[in-house]
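Positions 109 to 366 (my numbering) are the ones given, in order, by the sequence shown. Here a beta-carbon is modelled for each residue, glycine too, at the ideal position from N, C-alpha and C. Let me begin by presenting the structure, written as structure tokens, before commenting on it.
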Amino acid sequence: MTGRLAGDLMPDYIIPFKYDRNAAKAGMMNHLKGKKLLPKVFSDENHIDEIKGIYVPVWLFDTDAEAGIRYRATKIRRWSDSDYDYTETSHFTVIREGSLGFDNVPVDGSTKMDDALMESIEPFNFAEAVDFRTAYLSGYLADRYDVSSEDSKPRANERIKRSTENAFASTVTGYSTVTPESSSVIFNHGRVKYVLHPVWLLNTTWKGKKYYFAMNGQTGRFVGDLPVDWGAYWKWFGIWTAIFAAGTFLAFLLAHLL
109 MTGRLAGDLM PDYIIPFKYD RNAAKAGMMN HLKGKKLLPK VFSDENHIDE IKGIYVPVWL
169 FDTDAEAGIR YRATKIRRWS DSDYDYTETS HFTVIREGSL GFDNVPVDGS TKMDDALMES
229 IEPFNFAEAV DFRTAYLSGY LADRYDVSSE DSKPRANERI KRSTENAFAS TVTGYSTVTP
289 ESSSVIFNHG RVKYVLHPVW LLNTTWKGKK YYFAMNGQTG RFVGDLPVDW GAYWKWFGIW
349 TAIFAAGTFL AFLLAHLL
């Protein structure tokens with residue numbers, strides 16, 4: 109494994125594991141707790157087929173984003189008199205321009221790892237990263253990247269663009285509705301680092317189907333899909349539908365009787 113991470117494939121940094129195998133198993137058990145729609149037999153019969161700690165190759169991107177975004181916004185005012193109900197809609201064009209700096213935006217550099225799964229166990233704290241040394245790999249799996257930094261750039265840019273647009277949108281307040289009309293985001297001063305992130309991967313089989321889970325080996329954040337007890341689902345759905353219907357009927361009666 110060490111030989112595969114030599115030369116140009118050698119990472120710049122590594123974030124060491126803080127959580128061990130037993131913590132990953134405990135994370136799995138905690139993940140099952142309190143799930144009302146989880147089949148009870150799944151918890152009772154659950155056993156882990158495989159558990160492995162792996163250092164995942166990740167590209168960390170730094171960049172400055174310069175953006176100009178235009179929004180269409182409205183303010184709606186309503187009032188009534190003894191004869192009519194009135195609605196007044198005012199229309200506005202809102203423009204936001206500025207720049208944001210981004211550091212350590214991660215993009216998974218391995219086709220073996222699901223990008224959405226990796227993003228779901230974020231964040232990783234780069235402040236705890238250390239210079240790469242092969243000694244940290246002892247007892248864990250690790251692999252070289254097979255997606256280059258250049259090929260990872262579009263996904264990084266998309267994440268940065270989305271974050272920039274969300275940040276700018278959060279400043280457009282005081283309106284009844286806000287709709288983006290146009291968006292321009294330009295990236296400058298890009299830099300990239302190659303880092304290994306610690307991840308625990310687990311899987312289990314139930315009724316012939318594989319279920320996959322992942323835990324952030326630095327923070328302990330645990331994610332994974334679970335089966336659904338549809339009998340319990342429809343039971344809860346029926347209960348809440350009945351409560352909602354009763355509440356709606358009561359509100360109707362009060363509105364017409366008072």
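Query, Result
"8 Å contact criterion, which T197 and T182 should meet: CB distance rounded", "5 Å"
"Paired residues, beta bridge with G325 - DSSP", "Paired residues: none, contrary to the question."
"When R267, N324, A264, A277 are compared against H305, the one with the closest alpha-carbon", "N324"
"Assumed close pair N311, Y302 - CB separation to whole angstroms, cut-off 8 Å", "That belief does not hold up - the Cβ atoms of N311 and Y302 are roughly 27 Å apart, past 8 Å."
"Endpoints, beta strand (DSSP E) assigned at F330", "330-332"
"For D120 and F240, believed in contact at Cβ under 8 Å, the rounded distance", "6 Å"
"Buried or exposed by the 16-neighbour rule on C-beta atoms within 10 Å, applied to P262", "exposed"
"8 Å contact criterion, which M226 and V280 should meet: CB distance rounded", "With a Cβ gap of about 31 Å, M226 and V280 do not count as contacting."
"Spatial distance of S246 from Y127 (CA atoms)", "14 Å"
"Cβ separation of V307 and I229, assumed to be a contact under 8 Å, to the nearest whole Å", "7 Å"
"Assigned exposure category for Y194 - 16 Cβ within 10 Å defines buried", "exposed"
"Residue of K317, L168, K269 minimising C-alpha distance to F234", "L168"
"Through-space distance from L334 to R270, alpha-carbon basis", "29 Å"
"I123 versus S256, I162, A134, L146, residue with shortest Cα-Cα distance", "I162"
"Start and end residues, alpha helix (DSSP H) containing H155", "First-last for H155: undefined, no H or E at that position."
"Contact set for L117: own chain, Cβ-Cβ below 8 Å, skip 5 residues either direction", "R252, Y253"
"Same chain, Cβ closer than 8 Å to H155, neighbours up to 5 away in sequence not counted", "T312"
"Entirely enclosed beta strand (DSSP E) segments - the stretch 243-294, minimum 3 residues", "none"
"Pairwise C-alpha distance: L140 and S260", "34 Å"
"Buried versus exposed, by CB contacts within 10 Å (16 or more), D222", "exposed"
"Straight-line Cα distance separating L146 from T242", "41 Å"
"Exposure label - M137; buried when at least 16 CB within 10 Å", "exposed"
"Under the three-state DSSP convention, the category L168 falls into", "strand"
"H297 Cβ short of 7 Å to the ligand SAH heavy atom set", "Absent from the structure shown: the ligand SAH. Ligands present: none."
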